[in-house]
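Asks: Got a structure for you, written out below as structure tokens; questions coming shortly.
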Ligand code: ADP
Ligand code: MG
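Numbering (the working numbering), first residue to last: 10 to 443.
Okay, here's the thing in structure tokens:
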């Protein structure tokens with residue numbers, strides 16, 4: 010007797026061992042490495058990861074817009090080769106044609122598919138109606154608010170009646186209220202089964218958004234991007250963000266995302282070619298002060314800090330991570346606490362803080378020590394930026410090397426370890442104490 014192959018019957022998409030690098034040839038520049046995931050029918054899957062983890066890259070691979078450098082994507086049982094008709098994408102901000110009306114903008118989604126004008130119009134009007142743009146058919150993009158423009162973006166994706174809808178941080182460019190309204194409207198359409206879509210894959214860096222919307226959440230690690238955890242969300246819709254179980258799951262995901270930073274308990278030490286986030290010294294000092302003060306007195310729950318300080322994961326994690334690298338804080342299981350050095354920093358005056366920061370910086374960030382050493386050894390105590398940037402480019406992409414050096418310059422200047430002339434792009438020891 011023939012039994013239907015379950016894996017193909019309920020499976021819309023399968024990503025197998027997908028790898029993607031950009032330029033250069035070294036393996037350590039891989040953005041995505043061995044990414045595996047499946048998307049079943051009738052589910053909303055969330056892909057959660059930090060900025061730069063490769064979420065958009067993965068989505069563009071699934072959309073057939075770019076090729077993986079390794080691995081395969083199987084869509085409806087067949088290997089994907091270029092953009093598939095049944096896959097549509099909603100971007101963070103939609104590039105609408107400014108000279109076309111809302112209706113015409115939505116219709117462009119169908120033109121490419123060769124749909125006849127009459128049917129095009131009917132389907133575009135239906136999509137516009139569905140997404141709540143009724144009455145705006147003849148408006149031009151410039152006459153619309155950001156939220157309404159994003160609705161046009163949704164209509165343009167929905168009008169093709171895709172099997173799989175991909176969304177790349179579709180709510181993150183909108184203000185909080187507009188985002189929530191659009192999110193809820195979309196969920197309502199999904200729950201009421203008014204969307205002729207089999208599955209949705211949404212990319213986000215927002216933990217609450219993922220728990221609010223998704224049936225399943227995949228966590229993508231950074232550098233390289235890899236699916237490191239899968240979390241089922243068992244709550245029925247509509248979900249209540251204040252429900253204790255909702256909160257517990259949000260906390261749990263925070264813990265998992267930070268445990269990636271501190272895999273094995275202790276963070277790996279920084280190397281000369283490690284990418285560094287651009288975190289201002291003000292933000293670092295601010296978090297240390299917040300942690301030192303009441304009600305935390307040196308120790309806090311990360312999700313609570315994020316909530317009370319209105320920080321998103323992408324704002325909070327890099328700051329917390331740098332404090333950890335510098336030895337001012339430690340993180341484990343979703344908590345962050347100040348080390349004795351962190352407490353001393355919080356209590357210090359401006360000058361004492363600078364000196365402490367300088368000491369920790371030279372010890373923890375090899376690139377800072379390297380720049381200082383080169384300057385100390387050169388007769389004129391000067392060195393061009395390009396010298397260090399090239400060194401970083403051995404292990405980082407050009408843009409990552411530039412970012413890392415910018416971060417190092419800001420910290421080194423604050424700590425008065427070296428000076429840097431933006432115009433001449435040159436390091437020196439001018440105005441720096443021996
Ligand atoms: P995310 O969407 O998670 O923020 P992205 O997929 O946009 O991450 O980018 C992941 C990494 O890949 C980043 O370090 C980015 O600089 C790099 N990257 C993305 N696209 C390109 C490209 N076309 N060329 C070179 N590097 C790229
Ligand atoms: Mg992105």
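The beta carbon of each residue, even a glycine, is placed where N, CA and C say it ideally should be. Note that the structure is a prediction, hence the values are computed from the model and not measured.
When the distance is taken between beta carbons, is residue 285 closer than 9 Å to residue 3?
Replies: There is no way to answer for residue 3, as the model of the chain reaches only from 10 to 443.
Asks: Is any heavy atom of the ligand MG found at a distance shorter than 8 Å from the C-beta of residue 159?
Replies: Taking the chain shown and counting its residues from 1, one reaches residue 159 at position 150. Outside the cutoff, so no.
Asks: Can you name, in chain order, every residue of its own chain whose Cβ lies under 8 Å from the Cβ of residue 428, other than the five neighbours on each side?
Replies: Here residue 428 refers to the residue found at position 419 when the chain shown is read from its first residue. Closer than 8 Å at Cβ, skipping near neighbours: 422, 436, 437, 438, 439, 440, 441.
Asks: If you reduce the DSSP assignment to three classes, tell me which class residue 271 lands in.
Replies: Reading the chain shown from its first residue, position 262 is the one you call residue 271. Bear in mind that the predicted position of residue 271 carries a pLDDT of just 47, short of 50, making it too unreliable to give a figure here.
Asks: Across which residues does DSSP place residue 238 in a beta bridge pair?
Replies: Reading the chain shown from its first residue, position 229 is the one you call residue 238. Bridge partners of residue 238: 228.
Asks: Please tell me whether residue 222 has its Cβ less than 9 Å away from any Cβ of chain C.
Replies: In the displayed structure, chain C is absent; only one protein chain is listed.
Asks: Any idea what DSSP makes of residue 88, helix, strand or coil?
Replies: For this step, residue 88 is matched to residue 79 along the chain shown. Note: residue 88 maps to strand in three-state DSSP.
Asks: What are the boundary residues of the alpha helix (DSSP H) that residue 60 is part of?
Replies: Indexing the chain shown from 1 puts residue 60 at position 51. Looking at the DSSP string, residue 60 is not in any alpha helix (DSSP H), and its letter there is neither H nor E.
Asks: Going along the chain, which residues put their C-beta within less than 5 Å of some heavy atom in the ligand ADP?
Replies: Those residues are 31, 40, 60, 61, 62, 63, 64, 65, 66, given in chain order.
Asks: In or out: residue 247 buried (at least 16 other Cβ within 10 Å) or exposed?
Replies: Taking the chain shown and counting its residues from 1, one reaches residue 247 at position 238. It counts as exposed.
Asks: Indicate whether the contact test is met: 3 or more Cβ pairs, each with one atom in the region 49-67 and one in the region 221-229, closer than 8 Å.
Replies: Segments in contact, yes.
Asks: Beta-carbon within less than 6 Å of residue 4's beta-carbon, same chain only, minus the 5 sequence neighbours each way: which residues are those?
Replies: Outside the displayed range of the chain (10 to 443) lies residue 4, so it cannot be described from this structure.
Asks: Less than 8 Å between the CB of residue 212 and some heavy atom of the ligand MG, yes or no?
Replies: Locating residue 212 in the chain shown gives position 203, where the first residue counts as 1. Indeed, a heavy atom of the ligand MG lies less than 8 Å from the Cβ.
Asks: On the CB-based measure, 16 or more other CB atoms within 10 Å of its CB, does residue 159 come out buried or exposed?
Replies: In the chain shown, the residue the question calls residue 159 occupies position 150. With 16 or more Cβ atoms within 10 Å of its Cβ, residue 159 is classed as buried.
Asks: Just the C-alpha distance for residue 318 and residue 372, rounded to the nearest angstrom, thanks.
Replies: The sequence position of residue 318 within the chain shown is 309, counting from 1. The sequence position of residue 372 within the chain shown is 363, counting from 1. Rounded to whole angstroms, residue 318 to residue 372 spans 30 Å at the Cα level.
Asks: So, do the region 257-264 and the region 378-393 have three or more beta carbon pairs nearer to each other than 8 Å?
Replies: Segments in contact, no.
Asks: I'd like the list of long-range same chain contacts for residue 142, defined as Cβ closer than 8 Å, with 5 residues on each side in sequence excluded.
Replies: The residue labelled residue 142 in the question sits at position 133 within the chain shown. Excluding sequence neighbours, residue 142 sits near 111, 157, 160, 161, 164.
Asks: Let me know if residue 31 comes out buried or exposed under the rule of 16 or more other beta-carbons within 10 Å of its beta-carbon.
Replies: One-based indexing of the chain shown puts residue 31 at position 22. So residue 31 counts as exposed.
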